[in-house]
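Peer 1:
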Amino acid sequence: MTYKQLLHSQSLMITASSIVFPFYLLLLRNLGDSYSQFGLAYGIFALTAALSHPLIGSWSDRVGEKRLLILYTFGMAVVMLVIPVLTTITQVYIIQVIMGLLGALQKTAEKIALSRQTDRAHTGKQVGHYHLWTSIWTALAVIATGYIIDFLTIGSLFYITSFMYVAAGVLIWQKPKTVELERHHSL
Numbered sequence: 213m214t215y216k217q218l219l220h221s222q223s224l225m226i227t228a229s230s231i232v233f234p235f236y237l238l239l240l241r242n243l244g245d246s247y248s249q250f251g252l253a254y255g256i257f258a259l260t261a262a263l264s265h266p267l268i269g270s271w272s273d274r275v276g277e278k279r280l281l282i283l284y285t286f287g288m289a290v291v292m293l294v295i296p297v298l299t300t301i302t303q304v305y306i307i308q309v310i311m312g313l314l315g316a317l318q319k320t321a322e323k324i325a326l327s328r329q330t331d332r333a334h335t336g337k338q339v340g341h342y343h344l345w346t347s348i349w350t351a352l353a354v355i356a357t358g359y360i361i362d363f364l365t366i367g368s369l370f371y372i373t374s375f376m377y378v379a380a381g382v383l384i385w386q387k388p389k390t391v392e393l394e395r396h397h398s399l
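Numbering of the sequence shown is given in our numbering, commencing with residue 213 and proceeding in unit increments.
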């Protein structure tokens, strides 16, 4: 995977998550009876991610970050299809465990991929450039969603983001073009 593939796929993933995040929060609040259930749901996500990081880190050494990112994108695509049909807080808790595992996959694999795609002499500059573009896409997604939600249902946003996760997975899956490989190796 090239730096360009990583940047484009991560930007697409972050855009997708930024589109649905505010509406996912509303869904969580509407399904729960109290703010404590809301807090528990997020705690389950964070704790699952934290506890799975060591295992995922060692697993990534065997399977590689590209496979982990592909698993993340397709896993999140399925989760986005399921979220609009959740009806109980127990279902939300189960999804939070799955999203915690997937989030840990993404976080670990992204850092590994980024570390392998940067030139040691210019690591800071390249990481800064990477975060510039992924952050711009995040901001644009949040702004655009504020406008398009007037024309769509909240459920449709989850379906759109499912497609975006699949597209990001396809970007990662593609073999790099020879020119990009040569450019990367010359860094």
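C-beta: ideal position from N, C-alpha, C; glycine also.
(1) Could you give the first and the last residue of the continuous alpha helix (DSSP H) run that contains Gln303?
(2) Anyone know if the C-beta pair for Tyr215 and Ala253 falls short of 8 Å?
(3) Nearest-angstrom Cα distance between Trp349 and Thr227?
(4) Less than 8 Å separating the beta-carbons of Ala333 and Leu280?
(5) Tell me which same chain residues have a C-beta within less than 7 Å of the C-beta of Leu218, skipping the five on either side of it?
(6) Out of Gln303, Lys323 and Ala353, which one is the CA nearest neighbour of Leu239?
Peer 2: According to the structure data:
(1) Ile301 to Gln329
(2) no
(3) 6 Å
(4) no
(5) Ala325, Leu326 and Gln329
(6) Ranking Gln303, Lys323 and Ala353 by Cα distance to Leu239 puts Gln303 first.
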